[in-house]
Amino acid sequence: TVGAVALDKNGNLAAATSTGGLVNQHNGRVGDTPIIGAGTYANNEVCAISCTGEGEGIMRAVVGHEVYALVKYLKMPIQEACQQAANVYKDKIEGDKNLIALDSQGTIGIYYETDLMFRAFKKGQQPHTVAIWED
Amino acid sequence: MKDFVIVIHGGAENKTRRDIGSDLEAAYRRGLEEALLVGWEILNSGGAAIDAVEAAVRTMENNYIFNAGKGGAYTEKYKNEFDASIMCGQTLKAGAVAGVQRVKNPINLAKTILDKSKHVLLTGEGAEEFALEHHLEFKPIEYFRTKKQLDELEKTKEEEKVKEFD
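The structure is reproduced here in structure tokens:
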């Protein structure tokens, strides 16, 4: 799965996600990627989110909208919201949940539960960052 | 005027450095950098966030090392099926597509649905009909297939056989 979130000069947020699905998945299986509010969500007032991981869990936890709700209603910082959304109902909902997010002020949230996440970001004219491992 | 930002991901996995190897790791880093800068250029020149995320994702769909578009995973029946979605935070419009097999860039189809359809999510045959109507690029199924993903499928099937035997 691949995805992107962005904030433009006019303060508009957007999110996009695309995937080939799980290896050996049942024909016709659809994961979280095309489910608005689960794998992808954007709202100018609050944040934009793109997820990757085990789609069934991301759908059941409605991860994208959960991040939105935590930021909007609890005024939670975006990084904390990503972590909390990925861990909601962890006792009932299994599977890795990984995501990138951006709030309306351009603050970045990145959270992953796997060994690695292929990721990169660039803010304005600052140097860009490309990362894979935790370190 | 706000400071613009773009963040991208190319998936997350449970693998070690040894599993991936230095050549493939370098290819991932190049692929991420390329996609990031394609999106960033759009933002830097005053373009919209929705166009930047579409372009960044499309760049990764065209790169066989990522699991989207060319190089996507195989299903149990050796097919490639693609899902994608896009959402604009300003208008709250969204477009999504599931189960397409021949559209070169599923993210372009999702964006076309956002722009030109009254619906949000189209699947399978109907989604491909919509893509044809809007002159999106199609590719033969062989275009999407890679040895890397075929090996992943065979390995997964083998592991499941072992589990069943256990």
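Chains as they are written, first to last, in our numbering: chain B, 5 to 139; chain P, 44 to 209.
We treat Cβ as the ideally placed atom computed from N, Cα and C, and that holds for glycine.
Going by DSSP in three states, residue i sits in which element: helix, strand or coil?
{"i": "Cys49 (chain B)", "result": "The sequence given here has Glu at residue 49 (chain B), not Cys. Residue state, collapsed to three classes: coil."}
{"i": "Gly7 (chain B)", "result": "strand"}
{"i": "Gln83 (chain B)", "result": "helix"}
{"i": "His3 (chain B)", "result": "Past the edges of chain B, shown from 5 to 139, lies residue 3 (chain B), and the structure says nothing about it."}
{"i": "Ala55 (chain P)", "result": "strand"}
{"i": "Gln29 (chain B)", "result": "strand"}
{"i": "Thr133 (chain B)", "result": "strand"}
{"i": "Val81 (chain P)", "result": "helix"}
{"i": "Ala65 (chain P)", "result": "Going by the sequence as given, residue 65 (chain P) is Ser instead of Ala. Correct three-state label for Ser65 (chain P): helix."}
{"i": "Tyr121 (chain P)", "result": "coil"}
{"i": "Asp12 (chain B)", "result": "coil"}
{"i": "Glu118 (chain B)", "result": "The amino acid occupying residue 118 (chain B) in the given sequence is Thr; Glu does not appear at that position. Coil."}
{"i": "Arg145 (chain P)", "result": "coil"}
{"i": "Arg64 (chain B)", "result": "helix"}
{"i": "Phe125 (chain B)", "result": "strand"}
{"i": "Ala170 (chain P)", "result": "helix"}
{"i": "Ile97 (chain B)", "result": "coil"}
{"i": "Thr102 (chain P)", "result": "helix"}
How many whole angstroms separate the CB atoms of residue i and residue j, which I take to be in contact at a CB cut-off of 8 angstroms?
{"i": "Ala137 (chain P)", "j": "Leu152 (chain P)", "result": "13 angstroms between Cβ atoms; not a contact."}
{"i": "Leu58 (chain P)", "j": "Leu120 (chain B)", "result": "Here residue 58 (chain P) is Lys; the residue named in the question, Leu, does not match the sequence. Yes, Lys58 (chain P) and Leu120 (chain B) are in contact; Cβ-Cβ is about 6 angstroms, under 8 angstroms."}
{"i": "Gly68 (chain B)", "j": "Gly99 (chain B)", "result": "About 15 angstroms; that fails the 8 angstroms criterion."}
{"i": "Val9 (chain B)", "j": "Val50 (chain P)", "result": "5 angstroms"}
{"i": "Val6 (chain B)", "j": "Met103 (chain P)", "result": "4 angstroms"}
{"i": "Lys147 (chain P)", "j": "Lys182 (chain P)", "result": "5 angstroms"}
Quick check on the burial criterion: 16 or more other C-beta atoms within 10 angstroms. Buried or exposed for residue i?
{"i": "Asp3 (chain B)", "result": "The displayed coordinates of chain B run from 5 to 139. Any statement about residue 3 (chain B) would go beyond what the structure contains."}
{"i": "Val205 (chain P)", "result": "exposed"}
{"i": "Gly114 (chain P)", "result": "buried"}
{"i": "Gln129 (chain B)", "result": "exposed"}
{"i": "Leu11 (chain B)", "result": "buried"}
{"i": "Lys79 (chain B)", "result": "exposed"}
{"i": "His30 (chain B)", "result": "exposed"}
{"i": "Asp95 (chain B)", "result": "exposed"}
{"i": "Lys101 (chain B)", "result": "buried"}
{"i": "Trp137 (chain B)", "result": "exposed"}
{"i": "Asp126 (chain P)", "result": "buried"}
{"i": "Ala65 (chain B)", "result": "buried"}
{"i": "His52 (chain P)", "result": "buried"}
{"i": "Lys159 (chain P)", "result": "exposed"}
{"i": "Ser88 (chain P)", "result": "exposed"}
So does residue i have its beta carbon nearer than 6 angstroms to some heavy atom of the ligand MG?
{"i": "Ile51 (chain P)", "result": "The ligand MG is not part of this structure, which contains no ligands at all."}
- Message: Does the contact criterion of 3 or more C-beta pairs under 8 angstroms hold for the stretch 97-110 of chain B versus the stretch 58-68 of chain P?
- Response: Remark: fewer than three beta-carbon pairs, one from each stretch, lie closer than 8 angstroms, so the stretch 97-110 of chain B and the stretch 58-68 of chain P are not flagged as touching.
- Item | Near-chain P residues of the stretch 105-128 of chain B - C-beta to any C-beta below 9 angstroms | Of all residues in the stretch 105-128 of chain B, the ones placed with a Cβ closer than 9 angstroms to any Cβ belonging to chain P are Ala105, Leu106, Ser108, Gln109, Gly110, Thr111, Ile112, Gly113, Ile114, Tyr116, Glu117, Thr118, Asp119, Leu120, Met121, Phe122, Arg123, Ala124, Phe125, Lys126, Lys127, Gly128, in chain order.
- Query: Counting Cβ pairs, one atom from each stretch, are 3 or more of them under 8 angstroms apart for the stretch 121-136 of chain B and the stretch 26-46 of chain B?
  - Reply: Two segments are said to touch when three or more pairs of C-beta atoms, one from each, lie closer than 8 angstroms; by this definition the stretch 121-136 of chain B does not touch the stretch 26-46 of chain B.
- For the stretch 124-149 of chain P, which residues have a CB atom closer than 7 angstroms to at least one CB atom of chain B, in sequence order? Glu124, Phe125, Asp126, Ala127, Ser128, Ile129, Met130, Cys131, Gly132, Gln133, Leu135, Ala137, Ala139, Val140, Ala141, Gly142, Pro149
- Pairing CB atoms from the stretch 112-125 of chain B with CB atoms from the stretch 82-89 of chain B, are three or more of them under 8 angstroms? yes
- Message: Closer than 8 angstroms is the cut-off here; do at least three beta carbon pairs connect the stretch 92-112 of chain P with the stretch 168-177 of chain P?
- Response: no
- Message: Which residues of the stretch 77-97 of chain P have a Cβ closer than 9 angstroms to any Cβ of chain B? Give them in chain order.
- Response: Answer in chain order: Ala78, Leu79, Leu80, Gly82, Trp83, Ile85, Leu86, Asn87, Gly89, Gly90, Ala91, Ala92, Ile93, Asp94, Ala95, Val96, Glu97.
- What are the residues of the stretch 157-181 of chain P that lie near chain B, defined by any Cβ-Cβ distance shorter than 7 angstroms? Val163, Leu164
- Task: Count the CB pairs spanning the stretch 43-63 of chain B and the stretch 141-151 of chain P that are closer than 8 angstroms, and state whether there are at least three.
- Result: no
- Query: Does the pairing of the stretch 65-85 of chain P with the stretch 13-26 of chain B give three or more beta-carbon distances under 8 angstroms?
  - Reply: no
- Item | Near-chain P residues of the stretch 19-44 of chain B - C-beta to any C-beta below 8 angstroms | Ala19, Ala20, Thr21, Ser22, Thr23, Gly24, Gly25, Leu26, Val27, Asn28, Gln29, His30, Asn31, Gly32, Arg33, Val34, Gly35, Thr37, Pro38, Ile39, Ile40, Gly43, Thr44
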